[in-house]
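Note that our numbering has the sequence shown beginning at 80, numbered continuously upward.
Ideal Cβ placement from N, Cα and C applies to all residues, glycine included.
First the structure, in the form of structure tokens, and then the observations on it.
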Amino acid sequence: MAKKNKVLSVEKRALARVTESEKQSWWSISFIWIGILICIPSLMIGGTLADGLTISQVVIATVISYSLIGGLMTLTGIIGGDLGLPSAMCATKTFGDSGASYVISVISFVSSIGWFGVQTATCAAAFSTMMHIFGIGFPQWAGCILWGAIMLATSVTGYSFMKILNYAVVPFLVITCAYGAIHGINLMGMSELMAYTPAEPMTMTSAVSICIGGMAVSVVISSDYSRYSKSRADTLKASFFGVLPAGVIMVTIGGIMGVTTGQSDITQMFVNIGFPIISMMILVLATWTTNTGNAYVAGMACMKIGNFREELRPRVTLIAGVIGIAMALTGLANSLTAFLNVLSAIMPPVAGVMIADYYIFGKAKPENWYRVKGINWIGIISWAIGSVVGLFFSFFSAGFDSILVGTIAYVILNALLGKTALAGQGRMPLPGEEDEEAGA
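In structure tokens, the structure reads:
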């Protein structure tokens, strides 16, 4: 009974190091990533890509995109796994403690809670449409509140409940989404599907950029989950097995359904296929598994912004989720494409700067990492340079370009200015380790 209570207890671990006894299997972490990727936006991205690409081109674009994402997530995830710390704390060396709190964590919060709002609104709209099919009036605002609250409850309880949710829901979602694609193929015919040519072609670089934008935040917040990894190999397996197959499959399914139904709106896709009850379950459950992660990460970012006590994580996550529900009520889902484009430029440079600091200057050794007091302006400036390039001067993919430029900028600036006051105000202890350092 004691063991069961431990497994199902509310998580209160936030900014302090994860202990060895708290480490999890790579498979459980992988399932969380799979649950995050099996979502409405993945299907919507597939429908968007199919408007400008053939189905084979959709597959190629997603394989390229999610391979890049998986590799980058592995690099950032190893940092969290080595240190046993969430992303917000891993960033305290590269950006300084204050920089990580008031710049990076704020960006992470806005991005994560923005996604929570986007998906809550989309889920509510789908649920309202489905209820209308059965002759039941259910306003979208009520759906935002109802499903937002249900999804938020899992985030508040923490990692163990998120793991159990994904174990239970992911197999069902994979089977039903695959059935939707197969049903669509049967309606249209495989030969006609493969012969499909879009009226207005999209470039491969644009397609890759859209896919990377959909997972841009995950590269930065990978450590929030990988801190529970037992080894670097586990982080690698969790990242690639959790991201690459699920991402390719879901986006491709979205593309197939978009072509076979003639719709890019996810709700109408399922309605046109002809199984509304199962469709409603897919839409709701897919959003649930993803939005738990969004609110969870937003809560972690809030913990760093306010430097709250560890035991306050559930309450802080609850408040963050309520903000996300409020954003859903404002119709944020209508600006999904623009939101993805901004994310693909602003978020990835954070990962690039952290990768450069940990692997190039820190030699990938945990003992070379430490929390920096104040603001590390070298990291902030490097991130800003990468963001500007991603927003205005991209030459391949905004997300990938901004990572590359941010990495190069940090390598150059840190080599020149790493020993100046711009690099922060020295070392400071981690949460829960203040007494140890004082005693030493």
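For Ile-457, the enclosing alpha helix (DSSP H) begins and ends at 456 to 471. Per DSSP, Asn-447 lies in no alpha helix (DSSP H) segment and is marked neither H nor E. Counting C-beta pairs with one atom in each stretch, the stretch 132 to 139 and the stretch 297 to 305 have fewer than three that are closer than 8 Å, which means they do not touch. Here Met-360 carries a helix assignment [DSSP, helix/strand/coil].
Distance between Phe-251 and Trp-367, taken at the CA atoms: about 13 Å. In the DSSP assignment, Arg-394 falls within the unbroken alpha helix (DSSP H) covering 392 to 408. For Leu-147, the uninterrupted alpha helix (DSSP H) segment begins and ends at 134 to 162.
Straight-line spacing of the CA atoms in Leu-397 and Val-235 works out to 6 Å. DSSP, read as helix, strand or coil, puts Arg-506 in strand. Using a Cβ distance threshold of 8 Å, Ala-95 and Lys-383 do not count as a contacting pair.
DSSP places Gly-268 in the coil class of the three-state scheme, outside both helix and strand. When the beta-carbon positions are compared, Trp-448 and Leu-162 come within less than 8 Å of each other. DSSP, read as helix, strand or coil, puts Pro-427 in helix. A distance below 8 Å separates the beta carbons of Ser-297 and Met-152. Ala-205 sits in a helix when the DSSP states are folded into three classes. One thing to note: Gln-504 has its Cβ within 8 Å of the Cβ of Lys-452. For Met-269, the number of other beta carbons within 10 angstroms of its own is below 16, and it is reported as exposed. In the displayed model, Ile-117 falls within coil according to three-state DSSP, outside both helix and strand. Here Ile-113 has Val-249, Gly-321 and Ala-325 as same chain residues with Cβ atoms under 6 Å from its own Cβ, once five neighbours each way along the sequence are excluded. The C-alpha of Met-507 lies about 15 Å from the C-alpha of Leu-164.
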